[in-house]
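**Q** Quick note, the sequences are listed as chains R and W, same order. Take the first sequence: its position 459, counting from 1, is numbered 458 in numbering that gives the first Met the number 0, and each next residue is one higher. Take the second sequence: its position 352, counting from 1, is numbered 351 in numbering that gives the first Met the number 0, and each next residue is one higher.
There are 2 protein chains.
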Amino acid sequence: MNGAETVLRTLVASGVDVCFANPGTSEMQFVAALDEVHGMRGVLGLFEGVVTGAADGYGRMAGRPAAALLHLGPGLGNGLANLHNARRASTPVVVVVGDHAVDHLKFDPPLASDIDAVAGTVSAWVRRAHVATDLGRDTAAAVAASMNAPGHVATLIVPADLGWSEARNVGQPVPATTAPVVAEVTVSAIAKILQSGEPCTLLLGGGGTRRRALLAAQRIAAATGAQLLCETFPARLERGGSLPAVERLGYFAEQAGAQLSGVRHLVLAGARSPVAFFAYPGKPGSLVPPECEQHVLATDHEDVTEALEHLADLVWTDTPLPPSGPRVSAPTGPLNAQSMAAAIGATLPDGAIVVDEANTSGLFLPAATASAPEHDWLTLTGGAIGQGLPVATGAAVACPDRPVLCLESDGSAMYTISALWTQAREGLDVTTVILDNGSYAILNIELARTGTTTPGPRAQEMLSLAPPHLDFVSLAVGMGVPASRALTADELVAELRLAQAEPGPHLIHAVL
Amino acid sequence: MNGAETVLRTLVASGVDVCFANPGTSEMQFVAALDEVHGMRGVLGLFEGVVTGAADGYGRMAGRPAAALLHLGPGLGNGLANLHNARRASTPVVVVVGDHAVDHLKFDPPLASDIDAVAGTVSAWVRRAHVATDLGRDTAAAVAASMNAPGHVATLIVPADLGWSEARNVGQPVPATTAPVVAEVTVSAIAKILQSGEPCTLLLGGGGTRRRALLAAQRIAAATGAQLLCETFPARLERGGSLPAVERLGYFAEQAGAQLSGVRHLVLAGARSPVAFFAYPGKPGSLVPPECEQHVLATDHEDVTEALEHLADLVWTDTPLPPSGPRVSAPTGPLNAQSMAAAIGATLPDGAIVVDEANTSGLFLPAATASAPEHDWLTLTGGAIGQGLPVATGAAVACPDRPVLCLESDGSAMYTISALWTQAREGLDVTTVILDNGSYAILNIELARTGTTTPGPRAQEMLSLAPPHLDFVSLAVGMGVPASRALTADELVAELRLAQAEPGPHLIHAVL
Numbered sequence: 000m001n002g003a004e005t006v007l008r009t010l011v012a013s014g015v016d017v018c019f020a021n022p023g024t025s026e027m028q029f030v031a032a033l034d035e036v037h038g039m040r041g042v043l044g045l046f047e048g049v050v051t052g053a054a055d056g057y058g059r060m061a062g063r064p065a066a067a068l069l070h071l072g073p074g075l076g077n078g079l080a081n082l083h084n085a086r087r088a089s090t091p092v093v094v095v096v097g098d099h100a101v102d103h104l105k106f107d108p109p110l111a112s113d114i115d116a117v118a119g120t121v122s123a124w125v126r127r128a129h130v131a132t133d134l135g136r137d138t139a140a141a142v143a144a145s146m147n148a149p150g151h152v153a154t155l156i157v158p159a160d161l162g163w164s165e166a167r168n169v170g171q172p173v174p175a176t177t178a179p180v181v182a183e184v185t186v187s188a189i190a191k192i193l194q195s196g197e198p199c200t201l202l203l204g205g206g207g208t209r210r211r212a213l214l215a216a217q218r219i220a221a222a223t224g225a226q227l228l229c230e231t232f233p234a235r236l237e238r239g240g241s242l243p244a245v246e247r248l249g250y251f252a253e254q255a256g257a258q259l260s261g262v263r264h265l266v267l268a269g270a271r272s273p274v275a276f277f278a279y280p281g282k283p284g285s286l287v288p289p290e291c292e293q294h295v296l297a298t299d300h301e302d303v304t305e306a307l308e309h310l311a312d313l314v315w316t317d318t319p320l321p322p323s324g325p326r327v328s329a330p331t332g333p334l335n336a337q338s339m340a341a342a343i344g345a346t347l348p349d350g351a352i353v354v355d356e357a358n359t360s361g362l363f364l365p366a367a368t369a370s371a372p373e374h375d376w377l378t379l380t381g382g383a384i385g386q387g388l389p390v391a392t393g394a395a396v397a398c399p400d401r402p403v404l405c406l407e408s409d410g411s412a413m414y415t416i417s418a419l420w421t422q423a424r425e426g427l428d429v430t431t432v433i434l435d436n437g438s439y440a441i442l443n444i445e446l447a448r449t450g451t452t453t454p455g456p457r458a459q460e461m462l463s464l465a466p467p468h469l470d471f472v473s474l475a476v477g478m479g480v481p482a483s484r485a486l487t488a489d490e491l492v493a494e495l496r497l498a499q500a501e502p503g504p505h506l507i508h509a510v511l
Numbered sequence: 000m001n002g003a004e005t006v007l008r009t010l011v012a013s014g015v016d017v018c019f020a021n022p023g024t025s026e027m028q029f030v031a032a033l034d035e036v037h038g039m040r041g042v043l044g045l046f047e048g049v050v051t052g053a054a055d056g057y058g059r060m061a062g063r064p065a066a067a068l069l070h071l072g073p074g075l076g077n078g079l080a081n082l083h084n085a086r087r088a089s090t091p092v093v094v095v096v097g098d099h100a101v102d103h104l105k106f107d108p109p110l111a112s113d114i115d116a117v118a119g120t121v122s123a124w125v126r127r128a129h130v131a132t133d134l135g136r137d138t139a140a141a142v143a144a145s146m147n148a149p150g151h152v153a154t155l156i157v158p159a160d161l162g163w164s165e166a167r168n169v170g171q172p173v174p175a176t177t178a179p180v181v182a183e184v185t186v187s188a189i190a191k192i193l194q195s196g197e198p199c200t201l202l203l204g205g206g207g208t209r210r211r212a213l214l215a216a217q218r219i220a221a222a223t224g225a226q227l228l229c230e231t232f233p234a235r236l237e238r239g240g241s242l243p244a245v246e247r248l249g250y251f252a253e254q255a256g257a258q259l260s261g262v263r264h265l266v267l268a269g270a271r272s273p274v275a276f277f278a279y280p281g282k283p284g285s286l287v288p289p290e291c292e293q294h295v296l297a298t299d300h301e302d303v304t305e306a307l308e309h310l311a312d313l314v315w316t317d318t319p320l321p322p323s324g325p326r327v328s329a330p331t332g333p334l335n336a337q338s339m340a341a342a343i344g345a346t347l348p349d350g351a352i353v354v355d356e357a358n359t360s361g362l363f364l365p366a367a368t369a370s371a372p373e374h375d376w377l378t379l380t381g382g383a384i385g386q387g388l389p390v391a392t393g394a395a396v397a398c399p400d401r402p403v404l405c406l407e408s409d410g411s412a413m414y415t416i417s418a419l420w421t422q423a424r425e426g427l428d429v430t431t432v433i434l435d436n437g438s439y440a441i442l443n444i445e446l447a448r449t450g451t452t453t454p455g456p457r458a459q460e461m462l463s464l465a466p467p468h469l470d471f472v473s474l475a476v477g478m479g480v481p482a483s484r485a486l487t488a489d490e491l492v493a494e495l496r497l498a499q500a501e502p503g504p505h506l507i508h509a510v511l
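Written out as structure tokens, the structure reads:
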């Protein structure tokens, strides 16, 4: 058994059985080993940003890592942006980067570069393997490092000669560290604050946006009158059905300011203290009002679910819970951001996984989908665009029995568009809706917010996606994904229903 | 005048008048300033790998840098692979990366990451700007650092608040260091070796693959009988017409071994000592035969052109130069790697810039094009695939009066396919020929070379690009580039001629 096979066998023994890959010469041993290690499924991406984004989507839904197999420093570079998003999502991901053979590095061959430095910027754990017979131990340590609460990117760099050397020692699974339980005294103190009668907000983040935590948070809010919010970009927010409708903190400081206006106590449950995504001239970076006191119920490294349930048990007294609202109706007429959102809300199938990179086009989505059947909502955690299509791909691999809906802005779609090919190859049940407004619309807003209220023609050209107008139907068909165009709300509703009725990937180019 | 405008004005004053860009919020001041600084042309890329690859192509052809404007760490990550290629090509590139405002970094906002660490892996010079009033000086220093011989990637990190702060001090151009002249004693010693009668090879690289150097090298070879070779992946090889036909050192060690077999003296002229691209079990990493002695005429940091001309003057005695061969005829019949190469050789227009990411499909190209009219040949210097379409884009911006031909493998094309959109938007005269063999063909070879001679079905699947088969005509049309498909050699010849006759971009999907 060579080193590459040892790595794959150790991954499988540690519960990692999917490997998203864009391999090169230094990873050929891993490719060859796929035929020896039958517990491991290899999924090819045509670009590394697809591979790492898919591993992020997989990890968010499976709760355990996929491996992402990348080729040397440039491959890692291509995958870096979506590893950044995975890092911000606290997703467990095991990155395996092939390097040149140890003896070959001294020649500084053309593809050599400082892999360790690049890996360090996104990984909580980086190890360069030095001895083939240690590869099993190294790999098991990587899986554990990725699974240490709350979840991390762990990167193992494997020189090619270790992959082809004899290495029989398959690694034993290593237990990961679990999230520590929050102290009783902390929970009781927060209970008193929430019961003080002063205006309180409970801000959920990390593990606090999952079913059990949400049900506890709902009881807390009902019993204490606290406002319930969650972080702006949750990694995975469970919602719909009988789950509470939790508003997300606004992206723009003005929205967040309105939500937090008059709040006296902000209780953080798995969320970090809210900050503006970007700084603007003369505006504060923290979104917490000056008169508001912050209290940490649980950090994202602690057991936020247990803390919320404990807190709910302290404060709840059979207070009635608010009922779910009625489901929105299917819209008709012109297609715009509002009717698009209604079309999604009216057609979202039970158990759907929604991947949301809708950006400015998504303004009306939260309200329109709150009363849809139960679903998961995955967002752009790290702000590095080009996440949606790959995350949807990985989520579909993790949950083959659930429909995936990817809401994708036109500009963002172009960063990792080849994810569509992987969806077609793997026959994944992903419906992608491209939300086409012909521009980097968010940047038009941001340009004004940074002080340029009347941009000149050359500035406008840098934010416009047309001409030439991107034809996403052609792009999808070119990669083997059946596609259609929706120009009205009625068409979008009909095409969503068609896509849901048929297995495999679909793309709808929605012109807003 | 704010800091962003100061940066742009300093760039223009330093001779940098093209900015390839994929900006985000932290770069909005730069976008706004484009309307104030009319000497600067902004060219939008829909993905940062397009932006940095275009800057590489531009720098190779213009001999001076373009700016590449990138958004924070993830944007730099997306652009890293083509900066790696630019670094290996010694291309002058000025990278400007926007960062969060200084006061905002303490909040660790979602998009924050270690930009400096990533930039350091590809840049000979990295500076983080600290004071708005120093931005002019910083920018001028960046341009000089990029132009220091032989050419480098220089990265300036600009926090957003510096961009929007008052900063009147436009920087004065700073002179770059030129390549030192090689000592007389070195040149004379090499002359003696070449005249020794022992088998000698002159290996050209760096600046040694340009017209003046090549003409000198041709005289040296004619006078001394030395074999003339150039490095495997030259940044810019001038050839065709009356220029000497210089064979490139083979990519595979076996090819290089045959070329260097029996050579007693290897004289390096701007080239590094040749090494294998990758290591293989039990094979040497250096391509220099054990019995061969190496001599450095000029490193790539020295004035190789002057050294070659000096050397030629020492050894040349009116020896007749070899004549150019006849131009190949237009092929007919089935389309394969050989007839494709002939079609290129028969139709290549005068003054063309050929961007070669043909990989395995390009085997017959050098011979078939050696006697075409004079042209430039740009190759994959750093081995990070996804370079061709962006480099072609940048070369076309640098040389609007010259036709650009991009020979692009199917697998590699998918990394940076959105370069086609930029070509359409800018109306660039680029003809892209996609060489479709439906696989990562090079990896099938590499798999065998690393020891797997009979790959299993799962390994084969990881190296195959079908199903689904990529339809590059659909992809190109989706991005506004007229496209056609060639199934025979006759069709390819006809479509190449049509594309050349019409301005603007075209794509030909050549099914091999």
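Ideal placement from N, C-alpha and C gives every residue a C-beta, glycine not left out.
When DSSP labels each residue in this structure, what does R/F46 get in the three-state scheme?
**A** One-based indexing of the first sequence puts residue 46 of chain R at position 47. Of the three classes helix, strand and coil, the one that applies to R/F46 here is coil, per DSSP.
**Q** Which chain W residues sit within Cβ distance under 7 Å of R/R424?
**A** Along the first sequence, one-based indexing puts residue 424 of chain R at 425. Result: P466, P467.
**Q** Name the DSSP bridge partner or partners of R/S408?
**A** Taking the first residue of the first sequence as 1, we reach residue 408 of chain R at position 409. R/L434.
**Q** Please classify R/G2 as buried or exposed, where buried requires at least 16 other C-beta atoms within 10 Å of its C-beta.
**A** Numbered from its first residue, the first sequence carries residue 2 of chain R at position 3. Buried, because 16 or more other Cβ atoms sit within 10 Å of the Cβ of R/G2.
**Q** So R/S25 contacts chain W; which residues on that side make the cut at Cβ distance below 8 Å?
**A** For this step, residue 25 of chain R is matched to residue 26 along the first sequence. Near R/S25 (Cβ distances below 8 Å), the residues of chain W are F277.
**Q** If I follow the unbroken beta strand (DSSP E) through R/L347, where does it start and stop?
**A** The residue you call residue 347 of chain R lines up with position 348 of the first sequence. Taken as a continuous stretch (DSSP letters only), R/L347 belongs to no beta strand (DSSP E), as it is neither H nor E.
**Q** Just verifying my parser: in three-state terms, what is the DSSP assignment at W/L10?
**A** Counting from one through the second sequence, the residue named residue 10 of chain W turns up at place 11. The answer is helix: DSSP assigns W/L10 an H, G or I state.
**Q** Specify, as a first and last residue, the run of the alpha helix (DSSP H) that W/L69 falls within.
**A** Your numbering for residue 69 of chain W matches position 70 in the second sequence. That residue, W/L69, is in no alpha helix (DSSP H); its beta strand (DSSP E) goes 66 to 70.
**Q** Short check: CB of R/A475 to CB of R/L404, under 8 Å?
**A** For this step, residue 475 of chain R is matched to residue 476 along the first sequence. For this step, residue 404 of chain R is matched to residue 405 along the first sequence. No. Outside cutoff.
**Q** Check whether the segment 52 to 60 of chain R and the segment 74 to 92 of chain R touch, using three or more Cβ-Cβ pairs below 8 Å as the test.
**A** The segment 52 to 60 of chain R vs the segment 74 to 92 of chain R: in contact.
**Q** Going along chain W, which residues have a C-beta under 7 Å from R/G284?
**A** As a first step, residue 284 of chain R is located in the first sequence; it is residue number 285 there, counting from the start. In chain order: D102, H103, F106.
**Q** Quick one: list the residues of chain R neighbouring W/G324, beta-carbon separation under 7 Å, in chain order.
**A** On the second sequence, residue 324 of chain W is found 325 positions in, with the first residue counted as 1. None at all; the shortest Cβ gap to chain R is about 30 Å.
**Q** How many angstroms separate the CA atom of R/F106 from the CA atom of W/A270?
**A** Your numbering for residue 106 of chain R matches position 107 in the first sequence. Your numbering for residue 270 of chain W matches position 271 in the second sequence. Cα-Cα distance, rounded: 13 Å.
**Q** Between the segment 27 to 47 of chain R and chain W, which residues of the former have CB atoms less than 7 Å from a CB of the latter, in chain order?
**A** Correct list: M27, Q28, V30, A31, L33, D34, G41, L43, L45, F46.
**Q** Kindly indicate which three-state DSSP category R/F19 falls into: helix, strand or coil?
**A** Locating residue 19 of chain R in the first sequence gives position 20, where the first residue counts as 1. Residue state, collapsed to three classes: strand.
**Q** Determine the extent of the alpha helix (DSSP H) in which W/R424 is found, giving its start and end residues.
**A** By 1-based counting over the second sequence, the position of residue 424 of chain W is 425. Element bounds for W/R424: 418 to 425.
**Q** If we define contact as Cβ-Cβ less than 8 Å, is R/V117 a contact residue for chain W?
**A** By one-based count along the first sequence, residue 117 of chain R stands at place 118. R/V117 counts as touching chain W.
**Q** Excluding the five sequence neighbours on either side, which residues of its own chain have a C-beta within less than 6 Å of the C-beta of R/T231, listed in chain order?
**A** On the first sequence, residue 231 of chain R is found 232 positions in, with the first residue counted as 1. Contacts found: R247, L248, Y250.
**Q** R/N436 and R/L511: beta carbons closer than 8 Å?
**A** Against the first sequence, residue 436 of chain R aligns to sequence position 437. Against the first sequence, residue 511 of chain R aligns to sequence position 512. The answer is yes: Cβ separation under 8 Å.
**Q** Less than 8 Å separating the beta-carbons of W/H99 and W/A159?
**A** Residue mapping note: residue 99 of chain W aligns to position 100 of the second sequence, counting from 1. Residue mapping note: residue 159 of chain W aligns to position 160 of the second sequence, counting from 1. Yes, the pair counts as a contact, with Cβ atoms nearer than the cut-off.
**Q** In or out: W/R167 buried (at least 16 other Cβ within 10 Å) or exposed?
**A** By one-based count along the second sequence, residue 167 of chain W stands at place 168. W/R167 is exposed by the Cβ-count criterion.
**Q** When the Cα of W/A140 is compared with those of W/V92, W/G72, W/G477, which residue comes out closest?
**A** Residue 140 of chain W sits at position 141 when you count from the first residue of the second sequence. W/A140 has its Cα closest to that of W/V92, out of W/V92, W/G72, W/G477.
**Q** How should W/V95 be labelled, buried or exposed, when 16 other C-beta atoms within 10 angstroms of its C-beta is the threshold for buried?
**A** One-based indexing of the second sequence puts residue 95 of chain W at position 96. So W/V95 ends up on the buried side.
**Q** For a cutoff of 8 Å on Cβ pairs, would you count R/H129 as touching chain W?
**A** Here residue 129 of chain R corresponds to residue number 130 of the first sequence, with the count starting at 1. R/H129 does not count as touching chain W.
**Q** Compute the Euclidean distance between the alpha carbons of W/H70 and W/V6, then round it to the nearest angstrom.
**A** Counted from its first residue, the second sequence places residue 70 of chain W at position 71. Counted from its first residue, the second sequence places residue 6 of chain W at position 7. Cα-Cα distance, rounded: 16 Å.
**Q** Just to check my reading of the structure: R/S338 and R/G344 have Cβ atoms closer than 8 Å, yes? What is that Cβ distance to the nearest angstrom?
**A** Sequence index remark: in the first sequence, residue 338 of chain R carries index 339 (1-based). Sequence index remark: in the first sequence, residue 344 of chain R carries index 345 (1-based). Rounded, the Cβ-Cβ distance is 10 Å, inconsistent with contact.
**Q** List the DSSP bridge partners of R/G97.
**A** In the first sequence, the residue the question calls residue 97 of chain R occupies position 98. Looking at the DSSP assignment, R/G97 forms a beta bridge with R/H70, R/V157.
**Q** Checking 8 Å against the spacing of the C-beta atoms, do W/M39 and W/L33 come in under that value?
**A** Here residue 39 of chain W refers to the residue found at position 40 of the second sequence. Here residue 33 of chain W refers to the residue found at position 34 of the second sequence. Cβ atoms of W/M39 and W/L33: closer than 8 Å.
**Q** Three or more C-beta pairs closer than 8 Å, one from the segment 179 to 195 of chain R and one from the segment 56 to 64 of chain R: is that the case here?
**A** With the cut-off at 8 Å, the segment 179 to 195 of chain R and the segment 56 to 64 of chain R do not touch.
**Q** Taking DSSP as the reference, what is the three-state secondary structure of W/H468?
**A** Here residue 468 of chain W refers to the residue found at position 469 of the second sequence. If DSSP states are grouped into helix, strand and coil, W/H468 belongs with coil.
**Q** With burial defined as no fewer than 16 other Cβ atoms inside 10 Å of the residue's Cβ, what is the status of W/S122: buried or exposed?
**A** Taking the first residue of the second sequence as 1, we reach residue 122 of chain W at position 123. The residue in question, W/S122, is buried, as its Cβ has 16 or more Cβ neighbours within 10 Å.
**Q** Can you pull the chain R neighbours of W/D160, defined as C-beta to C-beta under 9 Å?
**A** Working through the second sequence from its first residue, we reach residue 160 of chain W at position 161. Under the 9 Å cutoff, chain R gives A278, P280.
**Q** My parser needs the beta strand (DSSP E) runs of 3 or more residues fully inside the segment 86 to 149 of chain R; what are they?
**A** You should have 92 to 98, 124 to 127.
**Q** Considering only DSSP beta bridges, list what R/S483 is partnered with.
**A** To locate residue 483 of chain R, count along the first sequence from 1; it is residue 484. DSSP, once it has assigned bridges, lists R/I507 as partnering R/S483.
**Q** DSSP three-state call for R/T5: helix, strand or coil?
**A** Position 6 of the first sequence, counted from the first residue, corresponds to residue 5 of chain R. Note: R/T5 maps to helix in three-state DSSP.
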